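Reading through the structure tokens given below for one structure.
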Amino acid sequence: QVQLVESGGGLVQAGGSLRLSCAASGGTFSGYTTAWFRQAPGKEREVVARIRPSGALTHYVDSVKGRFTISRDNAKNTAYLQMNSLKPEDTAVYYCAAKFDGTNYAYWGQGTQVTVSS
16 QVQLVESGGG LVQAGGSLRL SCAASGGTFS GYTTAWFRQA PGKEREVVAR IRPSGALTHY
76 VDSVKGRFTI SRDNAKNTAY LQMNSLKPED TAVYYCAAKF DGTNYAYWGQ GTQVTVSS
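Structure, rendered in structure tokens:
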């Protein structure tokens, strides 16, 4: 059973940066695909970025390409989301999630609020 804890959210002005962290415990973190999702008020949860267990393959939703970078440090059991050039439309609760390949995301963090002011 994997437990995920996000940190690093906050309030930032448009154009600013934040770095989210997702600390994992209770499982073999290096065996999981890890993803960042977000959910804005009144909108469905969407996947923002994901990274394969080895870190070699990443995927981003079009709206964050070139601005966000997902990474992981398996030795530290931690995944990261570096967010640059933030926009007000990036405002959402950001969630870290993990899964084995070929399965659904079964493990979720509690979420961290990101608010971007204009």
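With this note's numbering applied, the sequence shown corresponds to residues 16 to 133, in that order.
Each residue gets a CB set at the ideal place from its N, CA and C atoms; glycine is no exception.
Keep in mind that this is a model prediction, so the values were computed, not measured.
Quick one, which of the options has its alpha-carbon nearest residue i's?
i: Phe-52; options: Ser-133, Tyr-109, Ser-45; result: Tyr-109
i: His-43; options: Val-129, Ala-113, Trp-123, Thr-106; result: According to the sequence provided, residue 43 is Thr. The question's His does not apply to it. Residue Ala-113 is the option with its Cα nearest to Thr-43.
i: Asn-92; options: Tyr-120, Val-129, Cys-111; result: Cys-111
i: Gly-30; options: Ala-90, Asp-88, Arg-82; result: Arg-82
i: Ser-36; options: Gly-57, Asn-89, Ser-78; result: Asn-89
Counting C-beta neighbours from all protein chains within 10 Å, is the total for residue i 16 or more, i.e. buried, or is it exposed?
i: Glu-104; result: exposed
i: Glu-61; result: exposed
i: Gly-57; result: exposed
Have a look at residue i and residue j and give me their C-alpha separation to the nearest angstrom.
i: Gly-24; j: Thr-118; result: 28 Å
i: Thr-127; j: Val-63; result: 14 Å
i: Ala-39; j: Gln-18; result: 6 Å
i: Ala-55; j: Lys-102; result: 13 Å
i: Val-76; j: Asn-99; result: 15 Å
i: Gly-46; j: Phe-115; result: 7 Å
i: Ile-66; j: Thr-73; result: 4 Å
i: Val-129; j: Glu-21; result: 12 Å
i: Ala-106; j: Gly-41; result: Note on identity: in this sequence residue 106 is Thr, with Ala being the wrong assignment. Roughly 30 Å separates the two Cα atoms.
For residue i, which residues of its own chain have a beta-carbon under 6 Å away from its beta-carbon, when the five flanking residues on both sides are left out?
i: Gly-97; result: Position check: residue 97 holds Gln in this sequence, whereas Gly was assumed. Correct list, in chain order: Arg-34, Thr-84.
By Cβ distance, which residues of its chain are closer than 7 Å to residue i, with the 5 residues on each side in sequence left out?
i: Pro-68; result: Ser-45, Gly-46, Tyr-47, Thr-48
i: Lys-80; result: none
Quiz item: What are the complete beta strand (DSSP E) segments, minimum 3 residues, inside the segment 47-98?
Solution: 48-54, 61-66, 73-75, 83-88, 93-98
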